[in-house]
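Counting along the sequence shown from 1, when you hit position 216 you're at 202 in the numbering used here, and nothing is skipped either side.
Take a look at the structure below.
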Amino acid sequence: MAAMKLRAEVLGLPAYRFEAHDAAVKLDQNEAPEDLPDALRRTALERLERQAWNRYPDLHPRGLATRFGARHDWPADGVAVAGGSNVLIQAATIVAGIGRSVATVRPTFSVYALQARLLGATLVEVPLGPGFALPTDELVEVLQVGEGVAFVAAPMAPTGNAVAPADLERLAAAGGNRWLLVVDEAYGEFANVDHDTLARAYPQVVRLRTLSKAFGLAGARLGYALAHPEVAVELRKALLPFSVSALQAAVAEAVLEAPDVVAERVGRTVAERERLIRALAARRDVEVFPSVANFVLMRVQDAAATHRGLLERGVLVRRQDHLPGLAGCLRVSIGAPAENDAFLEAFDAVATATAHREELERA
Ligand SMILES: Cc1ncc(COP(=O)(O)O)c(C=O)c1O
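Written out as structure tokens, the structure is:
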């Protein structure tokens, strides 16, 4: 067949980069390491059973919006709920980016740039500063002109560092009412900070939250935006009608009623993150970067060989060495204690095997 004449923006776009591997210890997608406790799973299943599956769900899930709003003391009409925060990145690009600009940093979560390209926005990517710092001065310069949407992951991804609220405030002030500033708090629970004060002071700020990380519901697909009600109305227009299923909503509602489960998981993950950072910092030939998220970025001598060696030993981490400024980098999600031990053990075994091979080559 002759090549279809589809939109050049789509034809020229690489697909989202993800390679699935089977591994006993899966530390590649920053998921929660364990599923919901049995009792909570049963509660969620009972809710699913009570749903009328033949009926459409709410046009926009009002019940969930009210609950998410209550979680943040935010008005329910300022909440937009979608099947993952990815979808809200797309919605923000639709309402503020198409035919205008999308500004972000590089490297960062790839969906910002992918959606900008797909939807035909002008993409401006500013390289991160030293130590993966937010390039605030350069971003301020970008936001002083034109109009569009700026995306900042806070904590940053895939680097894991925190973003100072004062820097985000400078961006919000520079962009005024011409730029929507999306602060993506996908990993916010693990950092124990959010950007609530900023969002209350600047109606152009939209906070994104996901249930895929701290809530342990990556499989259910849910995220939400906290925005000024006048902005939230426009975001909801960009979402497809009835796109959050009654099944998704029922599971999320059950978990929202068990905040202790989420808080305990976050506490365990943060303690394990600190243990893992200490353990890696004590090893030779590895540079581990500070993280306030549920993953750690590290630089090794040969990312491809380390990734392969870990996988051969049943441990899956994520390569990041294709990204600018991240040569040699791997990202490891914080797992359950036994998984983190398995990772460290496999990491040491790979290092020993590499040293042994190098010795033989020298001999
Ligand atoms: C920074 C960031 N934002 C958003 C997402 C997507 O989250 P969701 O599963 O809600 O689409 C991720 C997923 O890894 C992420 O790292």
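No residue lacks a Cβ here, since even glycine has one placed at the ideal position from N, Cα and C.
Beta-carbon proximity check, residue i vs residue j, cutoff 8 Å
i: THR122; j: ARG156; result: yes
i: LEU184; j: VAL135; result: no
i: LEU221; j: ALA77; result: yes
i: HIS181; j: VAL192; result: no
i: PRO141; j: ALA150; result: no
i: VAL282; j: LEU266; result: yes
i: ALA218; j: ALA211; result: yes
i: ASN280; j: ASN40; result: no
i: GLY69; j: SER229; result: yes
i: ASP194; j: SER71; result: Here the sequence assigns Leu to residue 194, which means Asp is not the residue at that position. Yes. Within cutoff.
i: LEU233; j: GLN37; result: yes
i: HIS73; j: PRO47; result: Reading off the sequence, residue 73 comes out as Val, not His. Not closer than 8 Å, so no.
i: ASP271; j: ALA339; result: no
i: ALA240; j: THR29; result: yes
i: ASP51; j: VAL65; result: Residue identity differs from the one stated: residue 51 is Ala in this sequence, not Asp. Yes.
i: VAL126; j: ALA102; result: no
8 Å Cβ cutoff, residue i in contact with chain C
i: ALA139; result: Absent from the structure: chain C. Only one protein chain is present.
Cβ neighbour criterion (16 or more within 10 Å) applied to residue i
i: PRO276; result: exposed
i: LYS199; result: buried
i: ASP59; result: exposed
i: LEU22; result: buried
i: ARG207; result: buried
i: GLN130; result: exposed
i: MET(-13); result: exposed
i: ALA328; result: buried
i: MET284; result: buried
i: GLU298; result: exposed
i: TYR173; result: buried
i: TYR98; result: buried
i: ASN178; result: exposed
Boundaries (first-last residue) of the beta strand (DSSP E) holding residue i
i: ASP180; result: No beta strand (DSSP E) contains ASP180, which DSSP labels as neither H nor E.
i: ARG195; result: 191 to 196
i: ARG156; result: Careful: ARG156 lies outside any beta strand (DSSP E), inside the alpha helix (DSSP H) at 151 to 161.
i: ALA68; result: 65 to 68
Endpoints, the alpha helix (DSSP H) within which residue i is located
i: ALA55; result: Contrary to the premise, residue 55 reads as Gly rather than Ala in this sequence. Its alpha helix (DSSP H) spans residues 48 to 58.
i: ASP246; result: 245 to 267
i: ALA18; result: Note, ALA18: premise wrong, no alpha helix (DSSP H); not H, not E.
i: ASP44; result: Looking at the DSSP string, ASP44 is not in any alpha helix (DSSP H), and its letter there is neither H nor E.
i: GLY295; result: 289 to 298
i: VAL241; result: 232 to 242
i: ARG222; result: 215 to 224
i: VAL278; result: Looking at the DSSP string, VAL278 is not in any alpha helix (DSSP H), and its letter there is neither H nor E.
| message | Please give me, in chain order, every unbroken run of the alpha helix (DSSP H) with length at least 4 that falls completely inside the segment 83 to 144. | response | 97 to 104 and 122 to 129
| said: Beta-carbon distances below 5 Å to any heavy atom of ligand 1 define the shell here; list its residues in chain order, please. | reply: GLY70, SER71, ASN72, PHE95, ALA139, ALA143, ASP170, ALA172, THR196, SER198 and GLY209
| In chain order, each beta strand (DSSP E) run of at least 3 residues that lies wholly inside the segment 301 to 343 | 315 to 319
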